[in-house]
Each structure stands twice: as structure tokens, then as C-alpha cells.
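What follows is a short report on a single structure.
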Amino acid sequence: MKQNVTISLDRQTIRKAKIVAARRDTSISGLLARQLEILVGEEEAYERAERQAVALLDQGFHLGGGVPGSREELHER
Numbered sequence: 013m014k015q016n017v018t019i020s021l022d023r024q025t026i027r028k029a030k031i032v033a034a035r036r037d038t039s040i041s042g043l044l045a046r047q048l049e050i051l052v053g054e055e056e057a058y059e060r061a062e063r064q065a066v067a068l069l070d071q072g073f074h075l076g077g078g079v080p081g082s083r084e085e086l087h088e089r
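Under our numbering, think of the first position of the sequence shown as 13, with each following residue one higher.
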């Protein structure tokens, strides 16, 4: 379901937006709707990636276990 939103812009921005919209065969409303869809999609993708990264970190990493030797032995290498 679509809902209207009211915004205030300066006249110069509106004039330029009308030109851009005309070049793209759409309206200012169409331009804004598309940009907001992109913004929301990117935000959702970022949040998904962040949750996946945190879940991976919570699992931990298997680094082979065990200590390879004493400190002195490591420095002799």
C-alpha cells in the first residue's frame, strides 16, 4: 500500500530534480521513491551481513589448538 510523504526542498533543488526526472522519463516522486528503495535495500543488506559476521565470530575459529612450544623454543626458530 502506497502512502504519500511531504518534504520541503529549496526551489533550485526542485528545478534541478525536475530536469533529472524528465531526462529519466519519471517524476520527482519516482526519483525519490527509487533512491529510498535503494537506500533501504543497502541498509538491510548491511544489517544482514553484520549479523552473519557476528554469528561467525560467536562460533569461533579452530586455530589448530595447542601451544607449539615454550616461549624460548619459539624464539629459537
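For glycine and all other residues, C-beta sits at the position ideal for the given N, C-alpha and C.
Just checking my contact of K30 with I40 at CB under 8 Å: how many whole Å lie between their CB atoms?
-> 6 Å
Problem - Whether L43 touches A33 by CB criterion (7 Å) - result: yes
Discussion item. Helix, strand or coil, according to DSSP, for N37 in the structure here?
Written reply: Note that residue 37 is Asp in the sequence shown here, rather than Asn. If DSSP states are grouped into helix, strand and coil, D37 belongs with coil.
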